[in-house]
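First residue of the sequence shown? That's 1 in the UniProt record's numbering, and the numbers climb one at a time after it.
Have a look at the structure below before the remarks.
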Amino acid sequence: MSFPQTVKTASSLLNKTYVTAPSDPKVWRTLLQQANLKLKASQPATIPTAAVRRNVQLGAQGHQLFRTNVTAPNTGYQYQTRLASNYAAGDGTTEVPDFSAYRKDSTATDEYASRNMAYFMVGTTGFISAAVAKNTVHEFLTNLSASADVLAMAKAEVDLTSIPEGKNVIVKWRGKPVFIRHRTAADIQEANSVNIASLRDPQTDADRVQKPEWLVMLGICTHLGCVPVGESGDFGGWYCPCHGSHYDISGRIRKGPAPLNLEIPKYEIDGDKLVIG
Numbered sequence: 001m002s003f004p005q006t007v008k009t010a011s012s013l014l015n016k017t018y019v020t021a022p023s024d025p026k027v028w029r030t031l032l033q034q035a036n037l038k039l040k041a042s043q044p045a046t047i048p049t050a051a052v053r054r055n056v057q058l059g060a061q062g063h064q065l066f067r068t069n070v071t072a073p074n075t076g077y078q079y080q081t082r083l084a085s086n087y088a089a090g091d092g093t094t095e096v097p098d099f100s101a102y103r104k105d106s107t108a109t110d111e112y113a114s115r116n117m118a119y120f121m122v123g124t125t126g127f128i129s130a131a132v133a134k135n136t137v138h139e140f141l142t143n144l145s146a147s148a149d150v151l152a153m154a155k156a157e158v159d160l161t162s163i164p165e166g167k168n169v170i171v172k173w174r175g176k177p178v179f180i181r182h183r184t185a186a187d188i189q190e191a192n193s194v195n196i197a198s199l200r201d202p203q204t205d206a207d208r209v210q211k212p213e214w215l216v217m218l219g220i221c222t223h224l225g226c227v228p229v230g231e232s233g234d235f236g237g238w239y240c241p242c243h244g245s246h247y248d249i250s251g252r253i254r255k256g257p258a259p260l261n262l263e264i265p266k267y268e269i270d271g272d273k274l275v276i277g
């Protein structure tokens, strides 16, 4: 038995058929079989009941015109279990909707997406390059700078012509103050007149100077490291205000808690130039 082309919808729409076929028991049986419904072999096919037929509109020759809108009673057929699906019946093709009207101008075309990616890559590369360059320059400058032992050997130069006679000058060397005094003849005479045996740290003036008129020594008290004040104290030399140590015009300890004379650094006098260190 042959049927119109529309019978194919029975297999895809199951019981929602839109066919035109003679109202015949064999037709109903075949339609159900083509809809993948399992038929019990023990029960014969029957024509739908009168309740169903009242809702089936037939043509002049007994053909069904359009679908029924009733729930038919069990006529002995075993119906196939239907599973839920998100896919509509059709030829299997899917058309994706066009949402371009809802996209921003910055992302509406591939040109903007490529440009944004390029900006991101350039920015990231620049940041990484800057970080690497910073570390490289820092390491280079660190290695280029003088080490601690080199700095310790640094020298300080002083123009002696800039220091008037009878005056003191303080310069910085290795982070320490250095006292430079241009002594007068009276200062030299006073320094040499001291009884060495009376000194706490016995030392002649000649042992402390290279030239009698120039006295060079570290300006740090030998007691606790304070900086003494020049041209003061009981002996006309230097006085430490921290704990009251008095030094004479040669920088020797004469009174107070300091145990030693002011330290004499290594220096050289070349004409009018003093080189400390």
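All residues carry an ideal CB built from backbone N, CA and C; glycine is no exception.
Item, Value
"Exposure of M217, with buried meaning 16 or more beta-carbon neighbours within 10 Å", "buried"
"K211 - partner residues in DSSP beta bridges", "W214"
"Backbone secondary structure at E263 - three-state DSSP", "coil"
"Touching by the beta-carbon criterion (3+ pairs, under 8 Å), the segment 245–258 and the segment 119–133", "no"
"Contacts around W238, its chain only, beta-carbon distance under 6 Å, and the 5 residues preceding and following it disregarded", "P228, G230 and Y247"
"Cβ pair count under 8 Å reaching 3, the segment 262–275 against the segment 167–184", "yes"
"Continuous beta strand (DSSP E) stretch holding N168: start and end", "N168 to W173"
"Nearest candidate by alpha-carbon position, reference E157, set N195, T184, W173 and G166", "W173"
"Cβ-based burial, G271 [other Cβ within 10 Å; buried from 16]", "exposed"
"Span separating the alpha-carbon of H223 from that of D159", "31 Å"
"Bridge partner(s) assigned by DSSP for I269", "L274"
"Secondary structure of A130, DSSP reduced to three states", "helix"
"Sequence-distant residues of the same chain with beta carbon closer than 8 Å to D201, five excluded per side", "R252, I253, P259, L260 and N261"
"Pairwise C-alpha distance: V169 and residue 281", "Residue numbering for the chain in the displayed model covers 1 to 277; residue 281 lies beyond these limits and cannot be assessed."
"Proximity winner among T184, T124 and S232, relative to K211 (alpha-carbon distances)", "T184"
"Test item: CB-CB of Q203 and I196 under 9 Å", "yes"
"Extent of the continuous beta strand (DSSP E) run through E190", "No beta strand (DSSP E) holds E190; the alpha helix (DSSP H) holding it covers A185 to N192."
"Close-in-space but distant-in-sequence residues of the same chain around V209 (CB under 6 Å, 5 per side omitted)", "L215"
"Selection from K255, N143 and G244 that minimises the alpha carbon distance to S198", "K255"
"Endpoints, beta strand (DSSP E) assigned at I253", "I253 to K255"
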